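Sequence positions in the sequence shown follow our numbering and run 529 to 797. Beta carbons: idealized from backbone N, C-alpha and C, even for Gly. Keep in mind it's a predicted model, so treat the numbers as computed, not measured.
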Amino acid sequence: MDQARVLLQDAIRFQQALMTSSFQAELIDGASPVLWYGRPTEQQWLTVGTNPSRGEFYERDGTVRSGESQKFYWCDESLDTYLQDESALEATLDYAATYFEGGRATTSWFGKPGGAKLEALLEGMGRSFYDGSALHIDFFKYATSRQMGQLRTGRQWMEHPTSLDLLERTIRYVTPSRLIVLGWDNCAAFNGFTHHERLDAYPSARFELGYHATLHVPMVGLHFKPSEVFVGLGNGRDAFGLHHGSYAKREHLIRIGAAIEASARRYFG
Numbered sequence: 529m530d531q532a533r534v535l536l537q538d539a540i541r542f543q544q545a546l547m548t549s550s551f552q553a554e555l556i557d558g559a560s561p562v563l564w565y566g567r568p569t570e571q572q573w574l575t576v577g578t579n580p581s582r583g584e585f586y587e588r589d590g591t592v593r594s595g596e597s598q599k600f601y602w603c604d605e606s607l608d609t610y611l612q613d614e615s616a617l618e619a620t621l622d623y624a625a626t627y628f629e630g631g632r633a634t635t636s637w638f639g640k641p642g643g644a645k646l647e648a649l650l651e652g653m654g655r656s657f658y659d660g661s662a663l664h665i666d667f668f669k670y671a672t673s674r675q676m677g678q679l680r681t682g683r684q685w686m687e688h689p690t691s692l693d694l695l696e697r698t699i700r701y702v703t704p705s706r707l708i709v710l711g712w713d714n715c716a717a718f719n720g721f722t723h724h725e726r727l728d729a730y731p732s733a734r735f736e737l738g739y740h741a742t743l744h745v746p747m748v749g750l751h752f753k754p755s756e757v758f759v760g761l762g763n764g765r766d767a768f769g770l771h772h773g774s775y776a777k778r779e780h781l782i783r784i785g786a787a788i789e790a791s792a793r794r795y796f797g
């Protein structure tokens with residue numbers, strides 16, 4: 529817990545710097561940094577997305593989530609006070625750890641147990657967020673009002689040296705047995721991918737394999753995003769005429785996950 533608290537405090541310090549930068553207008557004032565989604569344990573697989581969505585902190589009507597619908601800690605105090613508030617830091621870590629417990633997860637993105645989305649792909653690979661064998665983190669730990677892909681300077685701040693340091697330290701803290709990086713744009717920021725492949729049955733599902741350059745953790749890089757519309761592949765069809773929207777169905781995601789896992793096992797040994 530001490531290491532996690534230090535990591536959180538450093539994330540808050542970077543948030544302070546961001547709040548005085550040109551990126552300040554894009555950040556959600558009051559939203560805590562999100563270190564992870566789920567409870568870190570040993571030998572987990574770690575999925576890596578882009579950044580927390582606005583919906584993790586706001587209801588559809590724009591009100592701040594509270595009570596049973598609250599997913600992460602909401603900071604009503606100044607960031608200076610937050611840094612020193614032990615109860616607030618503990619609450620932040622507790623909200624993150626219990627994200628998949630008690631029905632608080634955003635199932636429209638992660639998927640339900642036995643459902644589709646990223647959870648279905650993981651199921652095909654033999655893992656799950658809901659049994660704790662997989663954990664999720666984001667490349668950038670801060671929620672933005674608009675999607676990061678819509679922001680002209682979003683990638684610049686994601687790849688800021690402090691942001692990259694927080695990302696690597698988070699991975700070190702979790703000590704996963706495998707990384708699964710979501711989206712070709714996020715894959716491009718990781719050094720160590722050496723093998724590129726596509727699935728015969730799903731030719732639009734491209735992926736790459738390798739080892740993290742400094743942490744030497746096995747990595748699977750997906751050039752698609754199982755939780756986004758048309759699996760992040762756009763509104764089109766693959767070489768067989770199968771619409772990308774079909775890739776997002778549970779049965780296809782399970783098959784895609786199983787096929788990628790078979791390739792990964794051959795590669796990693």
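Between residue i and residue j, how many whole angstroms is the CB-CB distance? I'm expecting something under 8 Å.
i           : j           : result
residue 698 : residue 573 : Between residue 573 and residue 698 the Cβ distance is about 14 Å, and since that is not below 8 Å, they are no contact.
residue 681 : residue 550 : 7 Å
residue 576 : residue 710 : 6 Å
residue 652 : residue 786 : 4 Å
residue 789 : residue 654 : 7 Å
residue 671 : residue 559 : 4 Å
residue 623 : residue 601 : 5 Å
residue 619 : residue 610 : Going by Cβ atoms, the distance from residue 619 to residue 610 rounds to 11 Å, so no, they are not a contact pair.
May I ask you to list the residues that DSSP assigns as paired with residue i?
i           : result
residue 575 : 664, 708
residue 750 : 710, 735
residue 555 : 672
residue 740 : BP columns for residue 740 are empty, so no partner.
residue 725 : 735
residue 592 : 586
residue 610 : DSSP lists no partner for residue 610.
residue 820 : In this structure the chain extends from 529 to 797, so residue 820 is not present and cannot be described.
residue 565 : 664
Quick one: residues in its chain with C-beta nearer than 6 Å to the C-beta of residue i, no 5 flanking neighbours on either side, listed in chain order?
i           : result
residue 625 : 567
residue 532 : 621
residue 734 : 726, 751
residue 664 : 565, 575
residue 755 : 637, 645, 646
residue 603 : 558, 560, 610
Note down the Cα distance separating residue i from residue j, rounded to an integer number of angstroms.
i           : j           : result
residue 666 : residue 739 : 19 Å
residue 742 : residue 686 : 19 Å
residue 598 : residue 585 : 7 Å
residue 713 : residue 650 : 20 Å
residue 732 : residue 748 : 16 Å
residue 596 : residue 660 : 21 Å
residue 730 : residue 784 : 7 Å
residue 668 : residue 662 : 19 Å
residue 793 : residue 693 : 29 Å
residue 494 : residue 605 : Given a span of 529 to 797 for the chain in the structure shown, any question on residue 494 remains unanswerable.
residue 722 : residue 746 : 11 Å
residue 725 : residue 636 : 28 Å
residue 780 : residue 706 : 22 Å
residue 535 : residue 762 : 36 Å
residue 677 : residue 757 : 14 Å
residue 538 : residue 795 : 36 Å
residue 646 : residue 579 : 15 Å
residue 552 : residue 561 : 14 Å
residue 768 : residue 728 : 10 Å
residue 688 : residue 695 : 11 Å
residue 782 : residue 770 : 16 Å
residue 744 : residue 570 : 16 Å
residue 639 : residue 778 : 10 Å
residue 590 : residue 703 : 36 Å
Any chance the CB of residue i is under 7 Å from a heavy atom of the ligand MG?
i           : result
residue 732 : As far as ligands go, the structure on display features none, and thus does not contain the ligand MG.
Report all residues from its chain with a CB closer than 8 Å to the CB of residue i; omit the five preceding and five following residues, and keep chain order.
i           : result
residue 607 : 540, 543, 544, 547
residue 684 : none
residue 701 : 531, 532, 535, 568
residue 587 : 593, 597
residue 656 : 641, 647, 650, 662
Leaving out five residues before and five after residue i in sequence, what residues of the same chain have Cβ atoms less than 7 Å from its Cβ?
i           : result
residue 673 : 554, 556, 582
residue 613 : 605
residue 627 : 565, 566, 599, 633
residue 764 : 772
residue 759 : 752, 753, 772, 775, 776
residue 679 : 554, 672
residue 797 : none
residue 719 : 741
residue 630 : none
Cβ of residue i less than 8 Å from any chain B Cβ?
i           : result
residue 559 : Chain labels in this structure do not include chain B; a single protein chain is all it has.
Could you name each continuous alpha helix (DSSP H) segment of 4 residues or more that falls completely within the region 643 to 719, going from the start of the chain to the end? Listed in chain order, they are 645 to 653, 682 to 686, 689 to 702, 712 to 715.
If you scan the region 753 to 793 from start to end, which runs of the alpha helix (DSSP H) of 4 or more residues do you find wholly inside it? Runs of the alpha helix (DSSP H) inside the region 753 to 793: 772 to 775.
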